[in-house]
Structure formats: structure tokens, C-alpha cells
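Participant:
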Amino acid sequence: NAGVTQTPKFQVLKTGQSMTLQCAQDMNHNSMYWYRQDPGMGLRLIYYSASEGTTDKGEVPNGYNVSRLNKREFSLRLESAAPSQTSVYFCASKISDTQYFGPGTRLTVL
Amino acid sequence: GENVEQHPSTLSVQEGDSAVIKCTYSDSASNYFPWYKQELGKRPQLIIDIRSNVGEKKDQRIAVTLNKTAKHFSLHITETQPEDSAVYFCAAIQAGTALIFGKGTTLSVSS
């Protein structure tokens, strides 16, 4: 079991560029999440998907879109990247109430 | 929605001392309270959790206490070791929703 995987590990974008962060889990979990982590701000919820076919906004959804492609995969898209989106992005999946995190994607927007 | 406050933001202790981190939550419907440890450059890892029907839970050197009436919960680490140095996050969740995290506590254990 790989658990929760994320690609890429690192990415540098220019302002205005778009990209998609990929997340997959092989634990057959229904719920999946995207968080961003900034120094001193903890982990803030961007979007989540309680089950395949559903998505909901979290605390900081502006500038992002998500797709729950199937039960395994949950992607996060930045349509027009801004420097304020420089962060570490973590994907997670959940069984019962326990969340398991992926290794993270470090994104820098210049 | 839920709001989780965590204190202190930094904590420095000597090896062998105890460390206590406290969190408060706002939503009385929250019923699950995990603690995560994050080492530098790594992902958050669950270290202990507690549900609203329990007042205290222990696992070796770590323990969590919950006061539902006051809406606060705490992490206690005894006999701290240098490898306990990390950022610790508390969180709260209502059933069927997402974890909301505190801002984290950076624990430094010096030998």
C-alpha cells in the first residue's frame, strides 16, 4: 500500500500560469481533502470531497478548483496562479474520522 | 463553522521535563479531537486522538485530556526527549465534515 501519493513534489510557476496538483489514495477511502500550509497559519482546508461525485468548499477556496475523478483520485487546479498561492499543499484521505496525509507539494509562484 | 485556537505557539523544555499544549474549539457538535506531529519537511502524522465520550486517553508518554463543558483539550508529553522536537497540531471535527486545525505549536526539547 502506497497510502496517499501526490505529484509533483516541487513546482515553480510564474504568475498567471495554471497547473493541476494530483492526489491518489489506495486505501479505498470515501473522503478526500486538500489543505495548504503556510508558516504560522497551520493547515487550512481548501476543498474536500466527502464521497465520489461530491465536492465542498473549505476555509480558503478562492483561486482553486477541484475534481474528484473517481474514488481514488482528487485533483486541485490553480487556473491563474498568484504569489499568494505559494505554499505547501497536502492532500489527505479519511477512514472513520482518521485522516492520513500525503507527502505534500511545495509550490512557489513567482 | 468550527474554530480551533492553540497555545502556546512555541514551547521550549529541557529533556526529561513535561510539555503541555492546549486547544479550545468553538463548535459544541465537534466530537473527535486528534493530535498530529509534523517533523521538518515531513507530512503530519497522527499521534493520539480522543472522542467526545472519553475524558482522557494515554499512550506511553503522551496523553490527551478533554473537557467538553469548557470546550478545550490538551496534549501532555512526559519525560520529553530530543526526538519529540517537532510542530504539533490539534484539530477538531464534526461527524461527516473535515478536520479544522489549530495553528500549531513548535516544541523544542534541549538536551
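Chains as they are written, first to last, in the numbering used here: chain F, 1 to 110; chain D, 111 to 221.
Each residue gets a CB set at the ideal place from its N, CA and C atoms; glycine is no exception.
#1: Just to confirm the assignment, what range does the beta strand (DSSP E) spanning residue 144(D) have?
#2: With a cut-off of 8 Å, does the C-beta of residue 103(F) fall near any C-beta of chain D?
#3: Return the residues of the region 45-67 of chain F that lie within a Cβ-Cβ distance of less than 7 Å from chain D, sorted by chain order.
#4: Are the region 76-83 of chain F and the region 92-100 of chain F in contact at 8 Å, needing three or more beta carbon pairs?
#5: Using Cβ-Cβ distances below 7 Å, what residues of the region 79-106 of chain F are close to chain D?
#6: Relative to the C-alpha of residue 7(F), which residue among 19(F), 59(F), 14(F) and 1(F) is closest?
#7: Determine, for residue 43(F), whether the minimum Cβ-Cβ distance to residues of chain D falls below 8 Å.
#8: Going along the region 167-193 of chain D in order, which residues come within less than 9 Å of chain F, judged by CB to CB distance?
#9: Alpha carbons only, please: which of 119(D), 139(D), 140(D) and 138(D) is nearest the one belonging to residue 130(D)?
#10: Got a sec: does the ligand PLP put a non-hydrogen atom nearer than 7 Å to the Cβ of residue 197(D)?
#11: With 8 Å as the threshold, decide whether the Cβ of residue 40(F) is near any Cβ in chain D.
#12: Kindly indicate which three-state DSSP category residue 84(F) falls into: helix, strand or coil?
#13: Would you mind sorting residue 51(F) into buried or exposed? The rule is 16 or more other CB atoms within 10 Å of its CB.
#14: Using beta carbons (cut-off 8 Å, strictly below), is residue 150(D) in contact with chain F?
Facilitator: On the basis of the data shown:
#1: 142-148
#2: yes
#3: 45, 48, 50 and 58
#4: Touching, no.
#5: Correct list: 90, 97, 98, 99, 101, 102, 103 and 104.
#6: 19(F)
#7: Cβ-Cβ to chain D under 8 Å: yes for residue 43(F).
#8: none
#9: 119(D)
#10: Ligands are entirely absent from the displayed structure, and the ligand PLP is therefore not among its contents.
#11: So, interface residue.
#12: helix
#13: exposed
#14: no
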